[in-house]
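S.K.: According to the working numbering, the sequence shown is numbered sequentially starting from 26. Beta carbons are placed, not taken as given, at the ideal position from N, Cα and C, and that holds for glycine.
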Amino acid sequence: VRRLNDYKRFTMAVGTFDIARLKQLVAQGLKRGASAHTILDKMRDAADGLYKPRGYTTHDAEMAYLAKALGGPRLLFMLNHSLAGLPSARTIRKHMQVPELRPSVSQPTTAEIGANITSFCGPLAVPEPLPRSGHTLVIDGIAQESKARYDATSNQVLGLCREHSHMLDLRVLSVEAVKAIAAALHGDSPCCHYGSEATVAAMAPFRKDHYTIIPIMVSPTCKAETAEELAEHILMILRTWHESEDGERRHGPCWSVGTDGDAKFRTAKFRALTSKTLERGTPLHAKLVWLRGLNLQVGPYDVTADADPKHIFKRFNTLLCHKDGILVLDTVINRDVLAGHLAKQGMSSEKIVGLLDPNDPQNVPRAVQLLRSVIAIKHINLQPESSASRYRPDEEKEHRALSLLAEVYNTLLTPFITISMSLRDQFRQLIVYAHLAFYLYRKYRTAFMTSQLYHDTQHVIKSLTFNIAKQQLLEDTAPFYIIQLGQDRLEVAFADVRTQDHASNVDTLSLTRKLGTGCMISNLNLKHPSWNRGHRRLKFFENDGPDHINPASWTGDVTAGSVSLQWDWAHGYSQAVDIL
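Written out as structure tokens, the structure reads:
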């Protein structure tokens, strides 16, 4: 009878009182062998605020860390004192250490980059090494506040441009030393500048999981640097990763260097990564030498240049929305022509205006939707039953040009957004694009696409080809995801930096701290994908596709060994010839 009464009292207490961390309270009672009566007393004390159960799980600590990182200490304080009962800031500081990222005080050095590699990849950060994999070096710039900050760790002034600050002693040794720095910035003859942008370099693994970026360089710039100087920085980073005990030797080699469409980065990659021809007699050369038309120029350690696919889609979108348009089959396809054909698809005028808006060039979902709409034009019936919808001869000519353009876009876009495609089919499709683009660019030159865009798209396919071959040599049973090409993961890190707190602007010191925190956030989002809604403008789709396209969502067979490079290259070439 007493047990029955205790049971009723227990259910009554659960239904009546707001008890924080009830699961932990009951679990601790059962662990100690407490009776139901004792547990009920503890529940009453907890409801009155006289008792708070301890014993936080890893899940609790990770959720508390994200709450503090994304919402700030006040949100964590509220959740700590609410029914959620998350750990306090002091508790998570004890159990979750953020790796320290050292910024480059002046010109980046091997010592600074090596220290960051050890901080993020060494035994303390990664006690159990993951299987070796290939990496891509991703580089991009992020705007920062033009101001100096004192770094107590190094006792130096941060935030000055790397191009000119090497002439100064930035150590804070005396008042006179600080005045000398101020005079160099604001004197009658200034010889140095604040950094208006920070160049961030990070390693991004090619893996199914644990593919968060590893930041290894943060360096402010006044943007006076030449492409040749930037190329030297790229070579130094590659050399440091290759020689570091905690870099290539522990985690795997760097296979490519990915950037956005910035002209200076493009020139720097060309100078650094086309310095030699792939060495004959090597296993990699044996795999690639038979691929007709493949450029075999590489950089040190056989590293190739890469570009970001999402930036490429946005740039194609910009060409379509421009009044000058694109020349295909001696027909100009511009915004007005495209609007007419989209209307014949049955698309509303409001949607057409939204798709062809030239003032929104950074919207990836809209760019993808426009390219998909062009692809769909190919399947329009030119002679429908309704005479009002039939095509005139001039419109039929435009439709033929659009149909060829649709083939170009389909072979480039589909491999990145169709999660059921195998790596073999993706590779074949992109080889078709490479040959179609080569033919059309040779015939129409910059009237078809800009030389920079042609350069970047072909580099994506060259880098993919090399990387598949390298993955086959490293571990051919491992998967390779083409969606990990480019520097999209670094842009996600920048988005996290901007949204971690109310201060969306950063300086050099706060940027390094937020990048370290951002790596922790990304790792936890990978571990708990349901906690992360992503960033809208970095997705491929808005409402009509998967919320997240990532390795976990990919269903096609992307095993590297499933690709026959020579056979599939020839198949792609033949398919391109058939289309033309």
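I need the straight-line Cα distance from Gln477 to Val602, nearest angstrom please.
M.R.: Here residue 477 refers to the residue found at position 452 of the sequence shown. Here residue 602 refers to the residue found at position 577 of the sequence shown. Distance between the alpha carbons of Gln477 and Val602 is about 25 Å.
S.K.: For Leu260, which residues in the same chain have their Cβ closer than 7 Å to its Cβ, ignoring the five residues on either side in sequence?
M.R.: As a first step, residue 260 must be located in the sequence shown, where it is residue number 235. Cβ neighbours of Leu260 beyond the five flanking positions: Ala297, Pro325.
S.K.: Please classify His218: is it buried, with 16 or more other beta-carbons within 10 angstroms of its beta-carbon, or exposed?
M.R.: Residue 218 sits at position 193 when you count from the first residue of the sequence shown. Burial call: buried.
S.K.: What whole-angstrom Cβ distance do Tyr479 and Phe341 have, given they're in contact under 8 Å?
M.R.: Within the sequence shown, the letter at position 454 stands for residue 479. Within the sequence shown, the letter at position 316 stands for residue 341. Wrong, their Cβ atoms sit about 11 Å apart, outside the cutoff.
S.K.: Please give me, in chain order, every unbroken run of the alpha helix (DSSP H) with length at least 4 that falls completely inside the stretch 473-521.
M.R.: Segments of the alpha helix (DSSP H) lying fully in the stretch 473-521: 476-500.
S.K.: Tell me, which residues are paired with His160 by DSSP?
M.R.: Within the sequence shown, numbered from 1, the residue matching residue 160 stands at position 135. Answer is Pro230, Cys279, bridged to His160.
S.K.: Please report whether the beta-carbon of Ala249 lies at a distance below 7 Å from any beta-carbon of chain B.
M.R.: In the displayed structure, chain B is absent; only one protein chain is listed.
S.K.: Which of the three DSSP states is assigned to Asp572 in this structure?
M.R.: In the sequence shown, residue 572 corresponds to position 547, counting from 1. Because the pLDDT at Asp572 is just 43, under 50, the model does not fix this residue reliably, and the value given afterwards should be weighed accordingly. If DSSP states are grouped into helix, strand and coil, Asp572 belongs with coil.
S.K.: Going by the CB atoms, is the gap between Lys335 and Asp513 shorter than 7 Å?
M.R.: One-based indexing of the sequence shown puts residue 513 at position 488. One-based indexing of the sequence shown puts residue 335 at position 310. For Asp513 and Lys335, yes; Cβs fall inside 7 Å.
S.K.: How would you label Pro571, buried or exposed, when you count the other beta carbons within 10 angstroms and need 16 or more for buried?
M.R.: What you label residue 571 is simply residue 546 of the sequence shown in a count that begins at 1. For Pro571, the predicted structure reports a pLDDT of 43, less than 50, and the residue's modelled location is therefore unreliable. The matter cannot be settled from this model.
S.K.: State the Cα-Cα distance for the pair His267 and Val163, rounded to the nearest angstrom.
M.R.: The residue you call residue 267 lines up with position 242 of the sequence shown. The residue you call residue 163 lines up with position 138 of the sequence shown. Approximately 16 Å between the Cα atoms of the pair.
S.K.: Spatial neighbours of His191 within its chain, please: CB distance less than 7 Å, with the 5 preceding and 5 following residues excluded, ordered by chain position.
M.R.: For the purposes of this step, residue 191 is identified with residue 166 of the sequence shown, where counting begins at 1. Only Ser131, Gln132 meet the Cβ criterion.
S.K.: Taking the alpha-carbon positions, what's the Arg291 to Lys248 distance?
M.R.: Position 266 of the sequence shown, counting from 1, holds the residue named residue 291. Position 223 of the sequence shown, counting from 1, holds the residue named residue 248. Arg291 and Lys248: Cα-Cα distance of roughly 15 Å.
S.K.: Here's the rule: buried if 16 or more other CB atoms are within 10 angstroms of the residue's CB, otherwise exposed. What is Tyr466?
M.R.: Reading the sequence shown from its first residue, position 441 is the one you call residue 466. Buried, by the Cβ-count rule.
S.K.: Answer yes if the stretch 451-467 comes into contact with the stretch 584-600, meaning at least three C-beta pairs across the two stretches below 8 Å, and no otherwise.
M.R.: The answer is yes - the stretch 451-467 touches the stretch 584-600, with three or more Cβ pairs under 8 Å.
S.K.: Three-state secondary structure (DSSP) at Leu111?
M.R.: Position 86 of the sequence shown holds residue 111. Reduced to three states, the DSSP call for Leu111 is coil.
S.K.: Please report the residue range of the alpha helix (DSSP H) in which Leu427 lies.
M.R.: The residue you call residue 427 lines up with position 402 of the sequence shown. From DSSP, the alpha helix (DSSP H) with Leu427 extends over 418-442.
S.K.: If Val485 and Ile337 are in contact, beta carbons under 8 Å, what's the gap, nearest whole angstrom?
M.R.: To locate residue 485, count along the sequence shown from 1; it is residue 460. To locate residue 337, count along the sequence shown from 1; it is residue 312. At roughly 7 Å, the Cβ-Cβ gap stays under 8 Å, so Val485 and Ile337 are in contact.
S.K.: Is Pro240 near Ala223, with beta carbons less than 7 Å apart?
M.R.: Counting from one through the sequence shown, the residue named residue 240 turns up at place 215. Counting from one through the sequence shown, the residue named residue 223 turns up at place 198. No. Outside cutoff.
S.K.: Looking only at its own chain, which residues have a Cβ that is under 7 Å from the Cβ of Asp271, when we skip the five neighbours before and after it?
M.R.: Sequence index remark: in the sequence shown, residue 271 carries index 246 (1-based). The answer, listed in chain order, is Ile142, Thr143, Cys146, Gly147.
S.K.: Less than 7 Å between the beta carbons of Lys348 and Asn359, yes or no?
M.R.: Translated into the one-based positions of the sequence shown, residue 348 becomes position 323. Translated into the one-based positions of the sequence shown, residue 359 becomes position 334. Yes, these two residues count as a Cβ contact at 7 Å.
S.K.: Within 10 angstroms of its Cβ, does Ala528 collect 16 or more other Cβ (buried), or is it exposed?
M.R.: Stepping through the sequence shown from its first residue, residue 528 is reached at position 503. Classification of Ala528: exposed, given that the 10 Å Cβ count is below 16.
S.K.: Short of 6 Å in beta carbon distance, which residues of its chain neighbour Thr436, apart from the five on each side in sequence? Order them along the chain.
M.R.: Against the sequence shown, residue 436 aligns to sequence position 411. Same-chain partners within the cutoff: Gln454, Val457, Tyr458.
S.K.: What residues are listed by DSSP as bridge partners for Glu222?
M.R.: Taking the sequence shown and counting its residues from 1, the one referred to as residue 222 is at position 197. DSSP, once it has assigned bridges, lists Ala168, Thr246 as partnering Glu222.
S.K.: Does at least one heavy atom of the ligand MN sit under 6 Å from the Cβ of Lys294?
M.R.: Among the ligands in the structure shown, none appear at all, so the ligand MN cannot be discussed.
S.K.: Roughly how many angstroms lie between the CA atoms of Thr246 and Val123, to the nearest whole one?
M.R.: In the sequence shown, residue 246 corresponds to position 221, counting from 1. In the sequence shown, residue 123 corresponds to position 98, counting from 1. Each residue's Cα considered, the two are about 26 Å apart.
S.K.: Rounded to whole angstroms, what is the Cα-Cα separation between His84 and Ile262?
M.R.: For the purposes of this step, residue 84 is taken as the residue at position 59 of the sequence shown. For the purposes of this step, residue 262 is taken as the residue at position 237 of the sequence shown. Taking the straight line joining both Cα atoms gives about 36 Å.
S.K.: Under DSSP, the beta strand (DSSP E) around Gln181 begins and ends at which residues?
M.R.: Position 156 of the sequence shown, counted from the first residue, corresponds to residue 181. Segment 181-183, the beta strand (DSSP E) holding Gln181.
S.K.: Go to Val602, then tell me how far its alpha helix (DSSP H) extends in each direction, as first and last residue.
M.R.: Taking the sequence shown and counting its residues from 1, one reaches residue 602 at position 577. Where Val602 is concerned, the enclosing alpha helix (DSSP H) stretches over 590-604.
S.K.: For Val378, does the count of other Cβ atoms within 10 angstroms reach 16, so buried, or fall short, so exposed?
M.R.: As a working note, residue 378 is residue 353 in the sequence shown. Result: exposed.
S.K.: Counting only the same chain and skipping the five closest in sequence on each side, list residues whose C-beta sits under 6 Å from that of Leu380.
M.R.: As a working mapping, residue 380 is identified with position 355 in the sequence shown. Excluding positions up to five away in sequence, the list reads Leu395.
S.K.: Taking the CB atoms as reference points, tell me whether Arg196 and Ser244 lie closer together than 7 Å.
M.R.: Within the sequence shown, residue 196 is the residue found at index 171, counting from 1. Within the sequence shown, residue 244 is the residue found at index 219, counting from 1. Cβ distance not < 7 Å, so Arg196 and Ser244 don't count as in contact.
S.K.: Suppose contacts are defined by Cβ-Cβ distances below 7 Å. Is Leu17 in contact with Ala114 by that definition?
M.R.: Past the edges of the chain, shown from 26 to 605, lies residue 17, and the structure says nothing about it.
S.K.: Quick check: what's the CA-CA separation for Asp525 versus Lys539?
M.R.: In the sequence shown, counting from the first residue as 1, residue 525 sits at position 500. In the sequence shown, counting from the first residue as 1, residue 539 sits at position 514. The sequence given here places Gln at residue 525; Asp does not occur at that position. Going from the Cα of Gln525 to the Cα of Lys539 covers about 8 Å.
S.K.: Give me the Cα-Cα distance between Gln483 and His460, rounded to the nearest whole angstrom.
M.R.: In the sequence shown, counting from the first residue as 1, residue 483 sits at position 458. In the sequence shown, counting from the first residue as 1, residue 460 sits at position 435. Taking the straight line joining both Cα atoms gives about 10 Å.
S.K.: Among the residues of its own chain, which have a CB less than 6 Å from the CB of Ser158, if the five just before and after it don't count?
M.R.: Residue mapping note: residue 158 aligns to position 133 of the sequence shown, counting from 1. Hits under 6 Å: Pro230, Phe231, Arg232, Gly277.
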